[in-house]
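Per numbering that gives the first Met the number 0, the sequence shown starts with residue 0, numbered consecutively.
Every residue, glycine too, gets a C-beta built ideally from N, C-alpha and C.
Computed from a predicted model, the values in this text were never measured in an experiment.
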Amino acid sequence: MNLHEYQGKEILNSFGVRIQRGLVASTPEEAVNAAKKLTEETGTGWHVIKAQVHAGGRGKGGGVKLAKNLDEVKTIAGKIIGMNLVTPQTSAEGKKVHQVLIAEDVYYPGDNEPEEYYMSVLLNRATGRNMIMYSTEGGMDIETVAEETPHLIFHEEIDPAVGLQGFQARRIAFNLGLSGTAFKEMTKFVFALYKAYTNSDSSLFEINPVLKTSDDKIMAVDAKVSLDDNALFRHKDYAAMRDKREENPVEVEAGEKGLNYVDLDGNVGCMVNGAGLAMATMDLIKQAGGEPANFLDVGGTADAERVEAAFNLILKDPAVKAILVNIFGGIVRCDRVAQGIVDAYKNMGTIDVPIIVRLQGTNADIAKELIDNSGLDVQSAIEFQEAADKVQAVLNK
Ligand code: GDP
Ligand code: MN
């Protein structure tokens, strides 16, 4: 589950990471009030207005703007709230902005220029260890840095047995070219950031930029956080941060129905029980000359209600030209599933997309008979290849 910048910063703050202070607002009036409150707390009269959407590159898309007085706060917030923000990380239509973060301006002019660094904590799947990735080249696309100047990106791997060590935090501060107060601040920042990452069961904390202010404070100006869905049950407060408006609506609906659904770009919808079988089925569809329109694991209990819900989800995708149901009756009996399919089909009235059903396992033969005798426009198969051939025939029609 991904979080908004302001939510990520709340978590960072709770673990003692210094952040650029800010308040979230949904209307220009709220934005002005937020700005006034921030001025009382921080003393700064300048604010940055930042679109809160689940996508990076907001600055480039016009979703991050500096306001030098309350009038500007109001007009800029009014422009950003409700806009469709297009960034290098969104689709061409962009993402609708529902909220903005009003943040204190921390790029104040001083004796030294402020510096921007990049830092993220994530799991290195190749080594199975958490890793801190960082660079002197912050504030810009880290992908570009990785491509053009890879030697400016550093890594620190953390041994799970002993955790982040002092020498590692010091090496980071050293490689970022820091000394004195800023050096000490950075080691504190790294420890607090790593703690926030591990204690929140996250899979990513990306801070770009990490800012060194002209008075040598180190702070998080941006925060991109991905929480591990499988650990959300032990973080009810984080789970409540979910913003469903940012997610694929069909996937949200599937989640509510207990179905494991991922939207894809192809033309053959699939309904399968078990993730492994779902993967194999997607391969099968490709072999038959199609492209999977989705990944859908209905789980162990494929009763009429679930099957119907699954059909409904798949049919919402206008690109779907055929549906392949591939169920292995191990714990669940195939005839039960077949009955579920027949019932769901009848309940839904007409489905104008051809359906190919492959049922294998306990009572597969009874299931095939049930479907063949149902009088419905559903083709049955028992063998994998048979199902593939039927999908191919339908697509070539
Ligand atoms: P992103 O574009 O989605 O990554 O959004 P960021 O939160 O990283 O903001 C984009 C850029 O806005 C940063 O790299 C900064 O250069 C700039 N920015 C952020 N906060 C401030 C601020 O307080 N003052 C000024 N002047 N610029 C800021
Ligand atoms: Mn950023």
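Which listed residue (the options) has its alpha carbon closest to that of residue i
| i | options | result |
| --- | --- | --- |
| L203 | L258, A195 and I48 | A195 |
| N129 | L151, V161, E114 and Y107 | V161 |
| G404 | M82, I322 and E250 | No statement about residue 404 is possible, as the shown extent of the chain runs from 0 to 396 and does not include it. |
| Y117 | S134, D104 and A145 | S134 |
| L375 | V356, E382, K67 and E385 | V356 |
| D296 | K8, G289 and M278 | M278 |
| G254 | A308, D236, D221 and V271 | A308 |
| S13 | A181, E252 and N198 | N198 |
| E156 | K183, G127 and T212 | G127 |
| I365 | I131, P149, A343 and A337 | A337 |
| A24 | T38, G62, A172 and I80 | I80 |
| E71 | D371, I101 and N83 | I101 |
| L177 | H97, S213, I313 and T148 | S213 |
Backbone secondary structure at residue i - three-state DSSP
| i | result |
| --- | --- |
| G7 | helix |
| D104 | coil |
| Q359 | strand |
| I80 | coil |
| V47 | strand |
| L394 | helix |
| L375 | coil |
| P87 | coil |
| G257 | coil |
| S13 | helix |
| P113 | coil |
| L69 | helix |
| D316 | coil |
| K345 | helix |
| A168 | helix |
| R233 | helix |
| N198 | helix |
| V99 | strand |
| R128 | strand |
| H53 | coil |
| G339 | helix |
| D262 | strand |
| L121 | strand |
| G93 | coil |
Buried versus exposed call for residue i [16 or more other C-beta atoms within 10 Å across all chains shown]
| i | result |
| --- | --- |
| R244 | exposed |
| P317 | exposed |
| T349 | exposed |
| G42 | exposed |
| G179 | exposed |
| T89 | buried |
| K389 | buried |
| I330 | exposed |
| L11 | buried |
| T143 | exposed |
| G275 | exposed |
| F166 | exposed |
| Y193 | buried |
| R57 | buried |
| A125 | exposed |
| P159 | exposed |
| E112 | exposed |
Whole-angstrom C-beta distance between residue j and residue i, which should lie under 8 Å
| i | j | result |
| --- | --- | --- |
| L163 | F190 | 6 Å |
| Q51 | V99 | 6 Å |
| V224 | I217 | Incorrect: roughly 18 Å between the Cβ atoms, too far for contact. |
| E115 | G138 | 4 Å |
| K94 | V31 | Contact flag wrong, Cβ pair sits at about 24 Å. |
| A76 | I48 | 5 Å |
| A387 | Q286 | 6 Å |
| L358 | G289 | Incorrect: roughly 20 Å between the Cβ atoms, too far for contact. |
| E40 | A222 | No, E40 and A222 are not in contact; Cβ-Cβ is about 19 Å, not under 8 Å. |
Proximal residues to residue i (C-beta, below 7 Å), its chain only, five neighbours per side dropped
| i | result |
| --- | --- |
| P291 | L263, G265, V267, C269, M281 and I284 |
| K59 | T86 and P87 |
| S201 | V224, S225, L226 and D227 |
| A168 | T186, V189 and F190 |
| V251 | K243 |
| L65 | W45, V47 and D104 |
Same chain only: Cβ atoms within 6 Å of residue i, ignoring 5 sequence neighbours per side
| i | result |
| --- | --- |
| F294 | V261 and A277 |
| V341 | S373 |
| Q6 | M240 |
| G273 | none |
| K315 | V249 |
| W45 | K67 and D104 |
| R17 | M218 |
| E205 | S119 and K223 |
| H53 | N1 and E245 |
| D242 | none |
Cβ of residue i within 9 Å of any chain D Cβ
| i | result |
| --- | --- |
| D364 | Of the protein chains in the structure, only one exists, and it is not chain D. |
Own chain residues within Cβ distance below 8 Å of residue i, not counting five before or after
| i | result |
| --- | --- |
| L69 | V31, A34 and K35 |
| M347 | E307, F310 and N311 |
Any non-hydrogen atom of the ligand MG closer than 8 Å to residue i Cβ
| i | result |
| --- | --- |
| N12 | Ligands displayed in this structure: the ligand GDP and the ligand MN; the ligand MG is not among them. |
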